[in-house]
Amino acid sequence: MKKCNYVSITEAISHVKSNDKIVLGHGAVSPILLLEELYRQRERLFGVKIFHLIYLGDPVHTRPDAQAHFQTRAPFITGGAMRDAVADNRAEFVPMHFHIIPYHFLPGGGYEPDWAFIQVTPPDANGRCSLSLASDYTLPAARAAKRVIAMVNPNLPYVYGDNFLSVDEIDFMVEAPMENLTIASSPITETDQKIAEYCTSLIGDGACIQVGIGSVPEAVLSKLHDRKDLGIHTELMTDAIMNLIKSGAVNGSKKGVLPNKVLTAFAMGSQEMYDFMHNNDDILLYPVDFTNNPFEVGKNENFVSINSTIEVDLYGQLCSEKVNGRQYSGTGGQVDFLRGARYSRGGKSIITVHSTAKNGTISRIVPSLSAGNNVTSGRTDVDYIVTEHGIAHLFGKSERERALALCAIADPRFREELEKEAYTRFNIKKIF
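Here this note's numbering is used: the sequence shown runs in plain steps of one and ends on residue 433.
Shown next, in the form of structure tokens:
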């Protein structure tokens, strides 16, 4: 084991050159101090490419005064500043399934990184640093990059799994005892609770669960505390999952992949959750080419994925990433888990959506996706769609049957209009 190469943050960033390609660590381990120093040194740099998904700091690299220096590429965006940057062409959105991203960093994959900027825990007695709250694409990027700069943060939880780098694999280590990046749980509305009631009717004892972020998944998980032998195989660890584990409903005994363990790719939540994960070998973080690989997911029987969308058309196509043509998020792992659930014996994939938006003035179930809104998940991948008005089971249904099932769970104020469109489009006879 080589000696840890601790340097100042200024020195570490001084080694970055023009036209280098950088990957930033993800989510709760966003390397904020490294990126801020890179921004401070921007005047000497040109054509530096920066790749990331969820970034929880101020995206200084997308500011107007950074455009001559940095080119940002992101397959998933959050926050108004990043959305504005994409809309204003100060950052490029790159459509990509989450589980594919590690392959993007391999030779011939399109983005071979010169640098990985990450956060890690201090090295343990064996010289290994945990990547803590993000293995996902962060670990594959560090393994693929020519050089690695690590913020060493003693406040991070030490988390197990395929989630470690040796100090031999880190070129520059920067002492960075910053506070952990936390996010608050979403407030749960009455509509969320109604949707959750329908969702939980589809989830039995022994199910293996994946949930996305947001208020509806949190509401669903809060209603599963009376279930038995649940498993967790997900991309994101949340406070709601922690609370479900604490309830005693989760033991992972029925899982096909890493039984008796909670499997996730990254974690974002409260400090309480981070404390819960610290030195807890029942919770494992792995890269997304494993956690989100549909064929791996399908090895779990009775797998249930619960994710959300923004807009659904009468064919059952989903737009889950744009609002009125404006990029809002990304594909993420939605399709990964829709397909994984299909490969699972007894599996189900559930897509949740509020039936209306803008205080009930527009329907989110529409004849055709709005102009500029692309298909995130195709009709052939969609299984169940749930609103506060009921459940539409689409898999195996004809186009006509799908359209009628979706009309039935639309808001009653828009139902007749949708039915008229469905009956015209699919040549169904009905007198209104």
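Every residue gets a Cβ at the ideal spot worked out from N, C-alpha and C, and that includes glycine.
Here the structure is a predicted model, which is why all the values come from computation and not from measurement.
Spatial neighbours of residue i within its chain, please: CB distance less than 6 Å, with the 5 preceding and 5 following residues excluded, ordered by chain position.
{"i": "Ala241", "result": "Glu219 and Leu222"}
{"i": "Ile432", "result": "In this prediction, Ile432 has a pLDDT of 48, which is less than 50 and means its spatial position is unreliable; what the coordinates show is noted afterwards. If we look at Ile432 and ignore the five residues flanking it on each side, it has no Cβ neighbours."}
{"i": "Asp282", "result": "Tyr161"}
{"i": "Gly333", "result": "Phe77 and Phe99"}
{"i": "Lys224", "result": "Ala197 and Thr201"}
{"i": "Gly111", "result": "His105"}
{"i": "Thr63", "result": "Thr73, Ala86, Arg91 and Ala92"}
{"i": "Lys4", "result": "none"}
{"i": "Phe396", "result": "Asp384"}
{"i": "Met97", "result": "Pro76"}
If residue i sits next to residue j, beta carbons under 8 Å apart, how far is it from one beta carbon to the other, in whole angstroms?
{"i": "Ser356", "j": "Glu302", "result": "Actually they do not touch by this definition, with Cβ atoms about 32 Å apart."}
{"i": "Lys147", "j": "Cys209", "result": "Rounded, the Cβ-Cβ distance is 38 Å, inconsistent with contact."}
{"i": "Ser435", "j": "Pro158", "result": "The chain is shown from 2 up to 433; residue 435 falls before or after that span and cannot be answered."}
{"i": "Leu245", "j": "His226", "result": "7 Å"}
{"i": "Val61", "j": "Glu37", "result": "6 Å"}
{"i": "Phe77", "j": "Leu107", "result": "Not a contact, Cβ separation roughly 20 Å."}
{"i": "Gly48", "j": "Asn20", "result": "4 Å"}
{"i": "Leu370", "j": "Cys320", "result": "5 Å"}
{"i": "Ala145", "j": "Glu113", "result": "7 Å"}
With a threshold of 7 Å on Cβ separation, who are the neighbours of residue i within its own chain once the five nearest residues in sequence on each side are excluded?
{"i": "Ser31", "result": "Leu25, Tyr56, Leu57, Gly58 and Leu182"}
{"i": "Asn1", "result": "For residue 1 there is no data in the structure shown, the boundaries of the chain being 2 and 433."}
{"i": "Lys18", "result": "none"}
{"i": "Ser131", "result": "Val121, Thr122, Tyr159, Val160, Asn164 and Phe165"}
{"i": "Asn6", "result": "Asp172, Phe173 and Met174"}
{"i": "Gly80", "result": "none"}
{"i": "Pro413", "result": "none"}
From this set, the options, which residue's C-alpha is nearest residue i's C-alpha?
{"i": "Arg45", "options": "Thr63, Phe71 and Ile33", "result": "Phe71"}
{"i": "Thr201", "options": "Leu395, Ile386, Glu12 and Pro295", "result": "Ile386"}
{"i": "Ser306", "options": "Ser330, Ile284, Lys349 and Leu264", "result": "Lys349"}
{"i": "Val383", "options": "Ser248, Ala250, Thr192 and Leu315", "result": "Leu315"}
{"i": "Ala250", "options": "Gly207, Thr292, Asp282 and Gly80", "result": "Gly207"}
{"i": "Met269", "options": "Leu237, Phe277, Asp283 and Leu286", "result": "Leu237"}
{"i": "Tyr40", "options": "Gly28, His27, Gln68 and Ala29", "result": "Gln68"}
{"i": "Val258", "options": "Phe396, Phe291 and Ser248", "result": "Phe291"}
{"i": "Thr239", "options": "Asn252, Gly205 and Ile284", "result": "Ile284"}
{"i": "Ala423", "options": "Ala406, Pro413 and Asp412", "result": "Ala406"}
{"i": "Ser167", "options": "Glu420, Val376, Gly109 and Asp125", "result": "Asp125"}
{"i": "Ala342", "options": "Thr63, Asp169, Pro295 and Met179", "result": "Pro295"}
{"i": "Thr11", "options": "Ala185, Val376 and Gln42", "result": "Gln42"}
{"i": "Gly215", "options": "Gly205, Ile23, Asp193 and Leu419", "result": "Asp193"}
{"i": "Ala197", "options": "Gly128, Ser248 and Thr388", "result": "Thr388"}
{"i": "Lys229", "options": "Val217, Glu93 and Ser248", "result": "Ser248"}
{"i": "Arg276", "options": "Pro155, Ala92 and Gly111", "result": "Note that residue 276 is Asp in the sequence shown here, rather than Arg. Looking at the Cα atoms, Pro155 is the closest of the given residues."}
{"i": "Pro141", "options": "Thr377, Ile119 and Ser330", "result": "Ile119"}
{"i": "Met83", "options": "Gly109, Ala151 and Phe52", "result": "Phe52"}
{"i": "Ala117", "options": "Glu191, Ile14, Met243 and Gly109", "result": "Ile14"}
{"i": "Val324", "options": "Gly109, Thr377 and Gln211", "result": "Thr377"}
Inspect the beta-carbon positions of residue i and residue j and report whether they are closer than 9 Å.
{"i": "Gln328", "j": "Gly379", "result": "no"}
{"i": "Ile171", "j": "Val121", "result": "yes"}
{"i": "Glu312", "j": "Val367", "result": "yes"}
{"i": "Val289", "j": "His100", "result": "yes"}
{"i": "Phe304", "j": "Gly373", "result": "no"}
{"i": "Ser187", "j": "Tyr287", "result": "no"}
{"i": "Arg365", "j": "Val354", "result": "yes"}
{"i": "Ala266", "j": "Leu34", "result": "no"}
{"i": "Tyr138", "j": "His27", "result": "yes"}
{"i": "Ile429", "j": "Ile410", "result": "no"}
{"i": "Asn375", "j": "Glu297", "result": "no"}
{"i": "Lys22", "j": "Asp169", "result": "no"}
Take residue i and list the residues in its own chain whose beta-carbon comes closer than 8 Å to its own, dropping the five residues that flank it on each side.
{"i": "Ala88", "result": "Arg327 and Gln328"}
{"i": "Gln272", "result": "Asn181 and Thr183"}
{"i": "Pro1", "result": "With the chain running from 2 to 433 in the structure shown, residue 1 is simply not present."}
{"i": "Met179", "result": "Ile33, Leu34, Met152, Asn154 and Asn156"}
{"i": "Ser330", "result": "Phe77, Ile78, Thr79, Ser321 and Glu322"}
(Q) Which runs of the beta strand (DSSP E) at least 3 residues long sit entirely within the region 263–332? Give them in chain order. (A) 263–265, 284–286, 304–309 and 312–314
Q.
Quick check for students: name the residue ranges of the alpha helix (DSSP H) that lie wholly in the region 116–175, counting only runs of 4 or more.
A. Within the region 116–175, the runs of alpha helix (DSSP H) that reach at least 4 residues and sit entirely inside it are, in chain order, 139–145.
**Q.** Length at least 4, wholly inside the region 219–248: the alpha helix (DSSP H) runs in chain order
**A.** Those alpha helix (DSSP H) runs which fall completely within the region 219–248 and span 4+ residues are 240–247.
(Q) Restricting to runs no shorter than 4 residues, where is the alpha helix (DSSP H) found entirely within the region 326–388? (A) 335–344
Q: With a floor of 4 residues, list each alpha helix (DSSP H) that falls wholly inside the region 169–211, ordered by position along the chain.
A: 191–201
Q | Sequence ranges, beta strand (DSSP E) only - wholly within the region 52–108, length at least 3 | A | 71–75
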